[in-house]
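My numbering numbers the first residue of the sequence shown as 337 and each following residue consecutively. Shown next, in structure tokens, is the structure this report addresses.
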Amino acid sequence: MTTTKASLRIESPAKINLFLHVTGKRPDGYHNLISLMCRVSLCDHLYMAIGGKGIRITCPHPTVPEDHRNLVYQAVALFVDSVNDHVRKQLPGLAIHIDKWIPVGAGLGGGSSNAASVLLALNRYFDNPIPTDRLMVLAASIGADVPFFIFQKPAIATGIGEHLEAFENLPAYHVVLVFPGFNVSTAAVFKKLNLRLTNREKKLKQIHFREKNLNLLDALHNDLETVTVADHPSIAEAKSELCRIGALGALMTGSGPTVFGLFANEDTAKKAVKILTDKSGWQIFSARLVV
Ligand code: ATP
């Protein structure tokens with residue numbers, strides 16, 4: 337983050353799910369899961385200027401709202417409500433411009449990341465008036481993935497995503513992201529997920545997710561993938577294409593539709609980007625795991 341007077345430039349990273357197992361459905365309709373999440377170096381750029389009146393969001397992306405529905409707006413409103421009068425007086429209003437580089441509605445957590453990045457930046461700017469544990473609670477009230485971006489480390493997420501444990505020793509793989517150019521609704525994917533819970537819980541007990549020597553490439557798995565692939569076969573195509581051109585493993589992230597491939601070195605990743613960019617109508621991004 338760089339600072340000039342009351343103007344801040346904030347980098348807001350995407351995430352991928354290296355594994356995602358759905359463990360059950362809760363009475364409130366949400367699903368419990370166990371997921372290994374890691375930030376990647378593909379970032380949105382946010383520009384925040386403190387001053388004026390009210391919360392003003394601008395974002396030229398056609399499907400990102402600029403009003404209270406924007407997760408950044410909600411993050412600012414929560415921050416203002418949670419600080420004392422002394423801080424609130426220094427924040428009569430602010431303007432935030434969002435430059436989207438992370439595909440929207442793609443399973444990459446862009447909106448959640450934007451909200452978390454703004455919470456972190458405001459808290460830092462005003463000398464941490466909100467302790468981290470309280471910041472996590474505010475984040476969870478915006479969305480299940482937001483606490484992960486406050487946590488800022490690779491993590492195993494449980495519950496609906498709000499319980500986080502640091503996951504050490506992830507290799508800093510190169511990542512190639514394939515966004516097939518359409519959106520999926522997270523809610524619709526979970527609705528279609530056919531849970532056979534008893535079997536699933538039994539199966540999951542045998543997997544030692546927290547093991548230090550976990551073989552990450554063997555552990556790549558996403559329960560939501562079969563649901564999304566059934567409607568969008570191009571996701572399976574992207575996976576096999578990534579593996580064919582050198583990925584050590586490939587998987588759909590979140591509820592999709594973005595697929596990532598993990599690469600051992602920059603050279604093979606660069607070659608893969610070139611082949612995929614020349615060949616397809618897909619959007620291809622090159623990044624690193626942030627470990
Ligand atoms: P989720 O699984 O939570 O839907 P996602 O990574 O698939 O996340 P996002 O890019 O976060 O998708 O966008 C999901 C929806 O959130 C979009 O349809 C968009 O209208 C809305 N949204 C609200 N605020 C933002 C924001 N700051 N950036 C992107 N989308 C936002």
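Cβ atoms here follow ideal geometry from the backbone N, Cα and C, with glycine treated the same way. The structure displayed is predicted, hence computed values, not measured ones.
Which of helix, strand or coil DSSP assigns to residue i
i, result
"ARG424", "helix"
"THR340", "Unreliable positioning characterises THR340 in this predicted model, as indicated by a pLDDT of 39, which lies under 50. The coordinate reading is nonetheless provided below. DSSP places THR340 in strand when its eight states are reduced to three."
"LEU444", "coil"
"PRO396", "coil"
"LEU533", "Interpretation of LEU533 is limited by its pLDDT of 48, a score under 50 that renders its predicted location unreliable; no figure is taken from the coordinates."
"ARG546", "coil"
"ILE438", "coil"
"PHE462", "coil"
"THR562", "helix"
"HIS551", "A small correction: the amino acid at residue 551 is Asn; His does not occupy that position in the sequence shown. It is coil, neither helix nor strand."
"SER453", "helix"
"ALA502", "strand"
"LEU407", "helix"
Start-to-end residues for the alpha helix (DSSP H) that takes in residue i
i, result
"THR613", "602 to 615"
"PHE526", "522 to 528"
"GLU577", "570 to 580"
"PHE484", "482 to 487"
Cut-off 8 Å between Cβ atoms - residues of its own chain near residue i, not counting five sequence neighbours on either side
i, result
"VAL412", "ILE391, LEU430, ILE432, VAL454, LEU458"
"GLY479", "LEU407, GLY447, SER448, ALA451"
"GLY617", "GLY517"
"LYS607", "ILE581, GLY582"
"PHE462", "VAL419, VAL423, GLN426, LEU427"
"SER477", "LEU414"
"LYS548", "GLU504, ASN505"
"HIS568", "PRO516, PHE518, VAL520, GLY592, PRO593"
6 Å CB neighbourhood of residue i in its chain, flanking five on each side removed
i, result
"LYS615", "none"
"LYS575", "ALA586, VAL595"
"ALA442", "PHE515, THR594"
"VAL482", "SER448, ALA451, ALA452, ALA475"
"ILE466", "SER418, ASN459"
"GLY590", "ASN353, GLY443"
"VAL487", "Looking at the sequence shown, residue 487 is not Val but Phe. Excluding sequence neighbours, PHE487 sits near LEU500."
"LEU533", "Residue placement at LEU533 is flagged as unreliable, the pLDDT there being 48, under the threshold of 50; a coordinate-derived value is accordingly withheld."
"THR399", "VAL440"
Any non-hydrogen atom of the ligand MG within 8 Å of residue i CB
i, result
"SER477", "The ligand MG is absent from the structure shown, which contains only the ligand ATP."
Contact test: residue i Cβ vs the ligand ATP heavy atom, cutoff 8 Å
i, result
"PRO439", "yes"
"ASN549", "no"
"VAL627", "no"
"CYS395", "yes"
"ARG460", "no"
"GLY617", "no"
"GLY388", "no"
"LEU407", "yes"
"ILE434", "yes"
"HIS365", "It is worth fixing the name first, because residue 365 is Gly in this sequence and not His. Answer for GLY365: no, Cβ out of range of the ligand ATP."
"GLY495", "no"
"PRO349", "no"
Host beta strand (DSSP E) of residue i (start-end)
i, result
"ILE478", "Where ILE478 is concerned, there is no enclosing beta strand (DSSP E), although the alpha helix (DSSP H) it sits in stretches over 468 to 478."
"LEU372", "367 to 386"
"VAL419", "Careful: VAL419 lies outside any beta strand (DSSP E) and carries neither H nor E."
"ILE620", "619 to 626"
"THR494", "491 to 494"
"GLY585", "585 to 588"
"HIS510", "510 to 515"
"GLY597", "595 to 599"
Same chain, Cβ closer than 7 Å to residue i, neighbours up to 5 away in sequence not counted
i, result
"ARG584", "Rather than Arg, the amino acid found at residue 584 in this sequence is Leu. LEU553, LEU598, PHE599, ALA600, listed in sequence order."
"ASP603", "none"
"ASP435", "ASP380, HIS381"
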